[in-house]
Structure formats: C-alpha cells, structure tokens
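Written below as structure tokens is the structure these notes are about.
Residue numbers (full-length UniProt numbering): 1 to 744.
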C-alpha cells in the first residue's frame with residue numbers, strides 16, 4: 001500500500017472539549033522533523049476560538065469532505081510528546097468515561113496547555129577557571145571584581161546568576177571577569193541540572209535494616225525487571241521509607257528513574273529533604289504548591305531523563321519518564337489520590353496500569369491499606385509484604401478509649417485528656433491534639449430557641465471562625481458576619497457548638513499559657529512554605545503542643561511526640577457512606593501512629609461519646625487489621641466494593657425536579673437496554689444526594705453496579721452516550737464517576 005501524498009494527510013486532533021470525539025484537520029506546510037505522527041501539539045481553529053490540541057492519529061481519509069476541513073494554524077512541537085504518555089491518556093479517558101481532549105489537556109502542565117514550547121528553562125552557572133586561581137595583577141584596580149572572583153572560588157560547583165545578584169554583584173562585573181578568562185559559565189536546566197553520572201549513587205550511607213526490612217527488600221529485588229504489584233503493609237514507624245530508599249538506590253544503579261506518589265503536599269517537603277540527602281542525583285517534585293514555570297521545569301526534567309527521582313502528588317502519575325524503573329505509592333489508602341471533579345481518576349489505580357504497561361514493579365505502601373488492596377493481596381493478585389515491628393524496636397503506642405459522656409469539656413477536651421497533656425508537657429515532651437475540623441466551632445447556635453447558623457446555599461451548617469471573625473461554609477466558601485443576636489428569636493445567647501482547631505487552641509492556651517502551641521490546618525498553612533517552617537520547628541524537639549487536622553495525621557515522623565489526643569472519634573461511625581467507617585479507622589490509626597516513634601513510649605487517648613461501639617472497640621483492642629477483616633466480610637455479604645464494581649452518575653440543576661425527571665428516564669432506558677443485552681448490571685435510583693443542595697443547586701445520583709468490570713463499563717458507556725443525545729441533559733450538569741470513593 002502506497003503512502004498517501006501530502007494532500008491526503010488528515011490529522012485527527014484531540015482538543016480540550018467535553019465532546020468524546022476527535023476532529024479532523026489538514027496540515028500546514030510546516031511539518032515536524034520526522035513527519036506527522038501522533039503526539040505533536042498544534043494550534044487549531046475550533047469554532048470561533050483558537051485552541052491547543054494534540055494530534056492523536058494521522059489518517060489518509062476523513063468522513064468530512066476535504067474541502068470542508070480547516071487547516072491547523074501553528075505547529076508547536078518539532079517532535080512528539082512521548083508515546084507511552086499518550087497511551088496512558090487514552091487509557092484514562094476510556095476507563096473513566098471522559099473526553100480524550102480534556103484528559104490530554106489536564107495531563108499536561110498549564111503552560112503546555114497554553115502553547116508554551118516544550119524546552120528546559122535554563123540558567124547560567126558561573127565557575128572559576130584554572131587561570132582564575134592565579135589572577136596575578138589582573139584585578140589590582142578592580143576590587144569588586146576581586147570580591148566576586150573570591151565569592152565564586154568559595155563554591156567548587158559554581159554559583160548561579162540569581163545567587164550572584166543576591167550577593168550584590170552585577171552582570172558587567174561577571175562579563176569583565178569572563179573577558180579576562182578568570183571565570184566561565186555553562187547553561188543548565190533549572191529543575192534538574194544535566195551532569196555526568198556520578199560513580200556513587202548515594203550522597204550519604206544507608207541506614208541498617210532490621211530482619212523484617214531486609215527480608216522485604218530482598219523480595220522486592222527479585223522483581224526489578226518485571227511488572228509486580230507489592231502491598232507493603234507496615235505498622236506506623238516500621239521503616240517503610242527506608243525500604244523505598246534502598247529499593248530506589250538499586251533502580252538508580254541500573255540507570256533508571258523512580259516515581260514516588262504521596263497523597264498530600266504537606267508530605268513532600270520532608271520526603272523531598274530525605275531523598276535529596278540520600279541520593280547523588282537530581283530529585284524533583286510536582287505538586288500544587290509549585291508555580292506554572294516550576295511545574296513545567298519538573299515535567300520536562302522527568303521526560304528528558306535528567307531527573308532521577310520524581311516525588312509528586314496525584315497528578316504526577318501523568319508525568320512522562322524517559323527510563324521508568326519503579327513506581328511507589330506511599331499511603332496508598334489515602335482518599336487524596338482520587339480526583340473528585342472533571343477527570344475523576346484514581347492515581348493509585350492509574351499507577352498500577354502504568355507500571356504494567358512499562359513492565360516495572362510497583363509498591364503500594366500503607367499502615368492501613370485500603371480494603372481493595374487488602375482483598376487483592378488476600379486473593380494472591382498482589383504480593384503481601386509485612387512489617388510488624390517499629391524501627392529501632394520502638395514499642396507501639398498504648399491506645400485507650402476515653403468516655404466523654406457527662407464529662408465537662410474545655411475546647412472539646414475532657415478532664416482525663418487535660419491531665420495527661422499536663423503530665424507529658426511537664427516531662428518536656430511534645431503532645432499532638434487531633435481535631436478533624438478547622439475553624440473555631442462546627443457551627444453557632446441559639447441557646448434559647450435552638451436556631452443553627454445554616455448556609456443559605458447548601459444543606460450544611462456554617463463554621464464559626466475567630467480569625468477572621470466570620471461564619472464560613474466549608475462546602476461553597478460562602479461567608480457572612482457573626483450576628484449579635486439570634487435572627488429567629490432575637491436572643492443574644494448565641495453559643496459555639498462543638499470544637500474546631502481554633503477553639504481547641506484557645507482552650508489549650510488558657511490551660512497551658514507557658515507552652516508554645518502550633519496550630520496546623522488549611523487556614524494556617526495557606527502561605528507558601530508555612531507548613532515546612534512549622535514542621536522544621538517541631539523537629540527541633542522543644543516542648544510544645546501541636547493542634548491540627550488530617551494534615552498532621554499522615555506520614556509525618558515526630559520523634560518527640562509521646563501523647564496523641566483525638567478530640568472526637570465519632571465522626572465516621574454513623575454515616576450513609578459505606579466507606580466512612582473504613583476511612584475513619586484509617587485516620588484514627590494513622591494519627592495514633594504519630595506517638596512514641598523514638599525511645600520514649602507513646603500513649604493515645606481517643607475521646608468518644610460511644611465507647612461501647614463494637615467497631616470502635618475492635619479497633620482499639622485488636623487494631624486496624626482485625627477491623628479490616630470484619631469489614632471485608634460485611635462487604636462481601638452486602639455485595640459492595642471490592643467484591644462488586646460501581647459507577648455513579650451524578651447530576652445537578654437549579655431545580656431538583658429537572659434532574660430527578662431526567663435521571664428517571666435515564667434509569668428506565670438503561671434498565672431496558674440491560675434487559676435486551678442480558679448484562680448482569682444493577683441500576684439503582686435516582687435518589688437525592690446525601691447533601692441534596694450545594695451552592696443553590698440540587699444534586700441527585702444514579703448508581704450502576706456489577707460483578708464484572710467489563711459489563712459495568714459497557715453499561716456506563718451506553719448510559720453516557722444516551723445522556724449526550726438528550727436535549728434536557730444540556731440544561732444541567734452531569735458526570736459519571738467510575739469506582740467512586742465517596743457516595744455524595
């Protein structure tokens with residue numbers, strides 16, 4: 001078959017549009033270096049706009065007459081984006097029932113979406129020459145140049161231009177020294193400078209492993225050249241990170257790269273610091289705290305292979321790597337790995353798919369594995385590796401339930417907790433108080449008539465904040481002033497209801513006025529580097545009280561914390577979401593694991609109004625693993641994930657009647673189609689969402705479930721296609737969430 005002539009080359013382009021199709025264009029005269037191939041970015045006319053798209057296929061024909069096809073406007077890339085990256089985007093779009101164009105767009109850094117050329121941002125690094133070590137009289141009449149030469153000479157690896165400017169020197173002085181051949185410069189990538197491969201992978205020696213760690217590492221080394229999912233199930237403080245580091249060392253020795261996914265931006269500073277200290281190789285990050293230029297720098301450094309280790313949050317799973325060698329998902333159970341809007345992907349699951357595609361090992365690490373991962377490990381699909389001993393033989397913290405019924409409280413803290421806090425502070429230790437609710441109080445109430453401060457736009461109560469002194473809805477961010485009197489009965493007896501981090505902090509300040517108190521929540525860490533600075537202060541070891549939300553519970557190593565107090569453990573015990581108890585147990589176990597990680601024993605006090613709850617008692621007495629086994633048995637009997645697969649169609653409209661009517665028609669249509677096809681897929685609903693009204697829009701949902709993933713996807717695709725053909729669907733917003741993690 002002959003190759004079509006240039007006039008017959010048709011470019012199928014994916015553009016950022018919700019439409020689940022690609023669009024045909026004619027090429028311009030300017031062609032890529034190796035001709036037209038998939039993965040090349042182009043600027044194309046789309047409607048009345050000009051957008052950035054990616055060529056996904058080069059065809060010899062089009063269903064649209066050639067004289068009606070529009071030409072691309074600009075060729076952006078001379079060479080294509082990586083083929084394996086494009087493959088992952090195609091898979092994600094297909095699996096999660098999402099537009100390919102929007103999937104590709106969201107998988108790229110912002111600047112690439114805007115048409116920035118894909119090239120490394122560079123900076124000049126200045127270093128002293130051999131002649132510069134003996135300048136003689138060349139600088140006798142140039143004292144500032146002499147000072148600059150001396151400053152550069154103090155740094156064997158040289159100084160970058162911004163650092164030189166910060167010392168008070170200018171470009172003219174640099175040029176003068178270079179003209180005299182006393183210094184020279186080279187251009188290097190901002191994110192990961194290109195350098196000769198070091199003979200030594202390590203910048204500092206590894207830590208000795210205990211018997212369990214060594215056995216786990218030996219197992220992992222057996223699968224360095226093939227795909228294998230390993231669930232590294234280790235108690236908090238068991239040294240999982242050291243296993244990661246030594247596994248990555250072996251990967252780097254083979255000249256390959258490692259991708260490490262962490263759930264929260266708060267974990268990246270300490271993880272990054274530990275990894276950079278360990279390796280003689282560029283270690284970069286990708287997370288929401290970077291600006292657009294920094295994100296593009298990191299993305300390009302990984303794609304080109306200059307970066308040896310990439311540490312990132314959820315979206316980093318889409319970062320291309322030149323020589324992938326291993327993927328590690330730390331805290332694999334964490335809900336932050338699931339994207340909750342637009343492309344609703346799960347980074348852990350995509351990481352497994354990506355590892356299979358590359359033929360490389362993947363490690364899922366957690367002290368509290370998700371029930372999905374535990375089930376796969378129990379069935380033999382994942383290798384189950386255990387670490388049951390804390391590093392350094394530190395004793396596990398003693399966990400006790402504290403009955404709050406009928407007890408006086410100060411900022412949510414009962415007398416037993418306050419006494420324990422005093423004892424540990426007097427011993428010069430650090431204490432962590434966990435409050436899973438930011439703000440001063442969950443809401444404001446009238447003591448006379450029972451009025452509650454409710455959000456006018458959501459079926460939710462507004463949270464009382466002290467700084468600023470406002471009522472704020474944490475669902476829609478609606479704000480209003482705190483009333484002087486009850487708007488319902490006029491009473492001035494308005495009282496905070498419950499405790500948030502601000503109220504607990506205030507109570508602790510009153511009780512322990514001489515103690516440094518550090519509050520860590522989303523409100524106190526908005527400024528860049530605020531969390532990192534606070535964590536640095538904590539690690540200095542001075543006696544202090546830590547008050548915080550989930551940000552403190554996940555993955556942090558606090559060797560000086562010997563007491564953890566959980567203000568309220570009841571939040572996840574009674575919920576309409578079947579996953580709530582699993583998530584609550586994981587969070588309690590994780591926060592309890594912050595205590596007693598060094599030589600001093602730890603203690604955990606869990607306050608509750610339901611001390612007789614069987615699930616809570618099982619967690620306290622036998623631990624997370626025992627509760628997880630019981631939950632798995634219940635899920636199997638109930639036909640719930642991980643023993644059944646789900647897809648949730650969510651819809652929202654200004655009128656509940658509109659979304660319920662359309663979803664009822666959709667449910668009837670898909671049930672009829674399922675009967676015709678004989679597919680074993682169950683359709684439930686429609687029903688109002690657990691929070692029916694949010695931001696003055698009404699929410700409902702339709703649930704599909706099946707024992708077979710393939711049947712579920714076939715039904716989901718049919719339902720999505722049916723919805724796209726309904727005129728009424730254009731008057732509301734809807735989405736299909738494959739493998740939903742929250743039933744809201």
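Positions of the beta carbon are idealized from the N, C-alpha and C atoms, including for glycine.
message = Using a 10 Å radius around the Cβ and a threshold of 16 neighbouring Cβ atoms, would you call residue 330 buried or exposed?
response = Buried: at least 16 other Cβ atoms inside 10 Å.
query = By how many angstroms is the C-alpha of residue 75 removed from the C-alpha of residue 32?
reply = Each residue's Cα considered, the two are about 8 Å apart.
message = Check for me: the alpha helix (DSSP H) holding residue 25 runs from which residue to which?
response = That residue, residue 25, is in no alpha helix (DSSP H); its beta strand (DSSP E) goes 23-25.
task = Output the distance between the C-alpha atoms of residue 156 and residue 188, rounded to the nearest integer angstrom.
result = Answer to the nearest angstrom: the Cα atoms are 16 Å apart.
task = Apply the 10 Å Cβ neighbour rule to residue 61 and answer buried if 16 or more other Cβ atoms are within range, or exposed otherwise.
result = Exposed, by the Cβ-count rule.
key: Top-ranked residue by Cα proximity to residue 511, from 533, 480, 545 and 479   = Minimum Cα distance to residue 511 is reached at 545.
message = To the nearest angstrom, how far is the alpha carbon of residue 220 from that of residue 362?
response = Our two residues, residue 220 and residue 362, have alpha carbons roughly 9 Å apart in a direct line.
ask   = Using CA coordinates, which residue listed in 388, 446, 581 and 507 is at the minimum distance from residue 213?
value = For residue 213, the nearest C-alpha among the options comes from 388.
request  = Could you pull out every residue in the same chain whose Cβ sits closer than 8 Å to the Cβ of residue 262, ignoring the five residues on either side in sequence?
outcome  = Residues of the same chain with a CB within less than 8 Å of the CB of residue 262, apart from the 5 flanking positions on each side, are 268, 271, 311, 312, 313, 330, 331 and 555 in chain order.
task = Take the Cβ of residue 130 as the centre, count every other Cβ of all protein chains shown within 10 Å, and call the residue buried at 16 or more, exposed below.
result = Around the beta-carbon of residue 130, fewer than 16 other beta-carbon atoms lie within 10 Å, marking it exposed.
query = Counting Cβ pairs, one atom from each stretch, are 3 or more of them under 8 Å apart for the stretch 426-440 and the stretch 531-543?
reply = The stretch 426-440, when compared against the stretch 531-543, does touch it at the 8 Å Cβ threshold.
ask   = Run through DSSP, which three-state label would residue 660 get?
value = Three-state DSSP puts residue 660 in a helix.
message = Would residue 558 pass as an interface residue toward chain C - the criterion being a Cβ-Cβ separation below 8 Å?
response = Among the protein chains of the structure shown there is no chain C, as only one such chain exists.
Cα-Cα separation, residue 343 to residue 107 = For residue 343 and residue 107, the distance between alpha carbons rounds to 10 Å.
message = Using 8 Å for Cβ pairs, my map puts residue 22 next to residue 13. What's the rounded Cβ distance?
response = About 6 Å; that satisfies the 8 Å criterion.
task = Determine which residues share a DSSP beta bridge with residue 645 and list them.
result = Checking the DSSP bridge columns, you'll see residue 645 partnered with 706.
query = So, are the CB atoms of residue 650 and residue 734 less than 8 Å apart?
reply = Yes, Cβ-Cβ distance for residue 650 and residue 734 is below 8 Å.
request  = Note down, in chain order, each residue of its chain lying with its Cβ closer than 6 Å to the Cβ of residue 722, except the 5 sequence neighbours on either side.
outcome  = So the qualifying residues of the chain are 669.
query = With a cut-off of 8 Å, do at least 3 Cβ pairs link the stretch 321-330 to the stretch 583-596?
reply = Short answer: they don't touch.
request  = Taking residue 712 and residue 648 to be in contact with their CB atoms under 8 Å, please state how far apart those CB atoms are, rounded to whole angstroms.
outcome  = Your pair residue 712 and residue 648 does not check out as a contact, with CB atoms roughly 11 Å apart and the cut at 8 Å.
ask   = Helix, strand or coil: how does DSSP classify residue 523 here?
value = Three-state result, residue 523: coil.
inquiry  = To the nearest angstrom, how far is the alpha carbon of residue 772 from that of residue 109?
reply    = Only positions 1 to 744 of the chain appear in the structure, and residue 772 is not among them; the question remains open.
task = Have a look at residue 11 and residue 714 and give me their C-alpha separation to the nearest angstrom.
result = The alpha-carbon atoms of residue 11 and residue 714 are separated by roughly 28 Å.
ask   = If you measure from the CB of residue 556, is any heavy atom of the ligand GTP nearer than 7 Å?
value = Only the bare structure without any ligand can be found here, which leaves the ligand GTP out of the picture.
inquiry  = With three or more beta-carbon pairs closer than 8 Å as the criterion, would you say the stretch 397-417 touches the stretch 600-619?
reply    = Counting Cβ pairs under 8 Å, three or more are found: they touch.
Integer Cβ distance of residue 630 from residue 616, believed to fall under 8 Å = So it is not a contact: roughly 12 Å between Cβ atoms.
request  = Could you work out which residue in 580, 672, 174 and 168 is closest to residue 128 when comparing CA atoms only?
outcome  = Out of 580, 672, 174 and 168, 174 has the C-alpha closest to the C-alpha of residue 128.
Contacting residues, own chain, Cβ-Cβ under 8 Å from residue 227 (five flanking each side not counted) = Cβ contact annotation for residue 227 (same chain, cutoff 8 Å, sequence separation greater than five): 355, 356, 358, 359, 360, 361 and 362, in chain order.
Range covered by the alpha helix (DSSP H) that runs through residue 89 = Where residue 89 is concerned, the enclosing alpha helix (DSSP H) stretches over 83-95.
query = If you check the beta carbons only, do residue 37 and residue 80 fall under 8 Å apart?
reply = Cβ distance < 8 Å, so residue 37 and residue 80 count as in contact.
message = Would residue 480 and residue 238 qualify as a contact pair, given that the criterion is a beta-carbon distance under 8 Å?
response = For residue 480 and residue 238, no; Cβs fall outside 8 Å.
Every unbroken alpha helix (DSSP H) inside the stretch 341-427 [4 residues or more] = For the alpha helix (DSSP H) assignment, the uninterrupted runs of no fewer than 4 residues enclosed by the stretch 341-427 are, from N- to C-terminal side, 347-358, 371-378 and 415-426.
inquiry  = Just verifying my parser: in three-state terms, what is the DSSP assignment at residue 195?
reply    = Unreliable placement is indicated for residue 195, whose pLDDT of 48 sits below 50; the coordinate value is still reported in the next sentence. DSSP places residue 195 in coil when its eight states are reduced to three.
ask   = Is the stretch 680-689 touching the stretch 724-740 in the sense that three or more CB pairs, one from each, lie closer than 8 Å?
value = Contact annotation: the stretch 724-740 does not touch the stretch 680-689, with fewer than three C-beta pairs closer than 8 Å.
task = Would you tell me roughly how many angstroms separate the C-alpha atoms of residue 245 and residue 138, rounded to the nearest one?
result = The alpha-carbon separation between residue 245 and residue 138 amounts to approximately 49 Å.
message = Considering just the uninterrupted stretch of the beta strand (DSSP E) at residue 495, what are its terminal residues?
response = Going by DSSP, residue 495 is part of the beta strand (DSSP E) stretching over 494-497.
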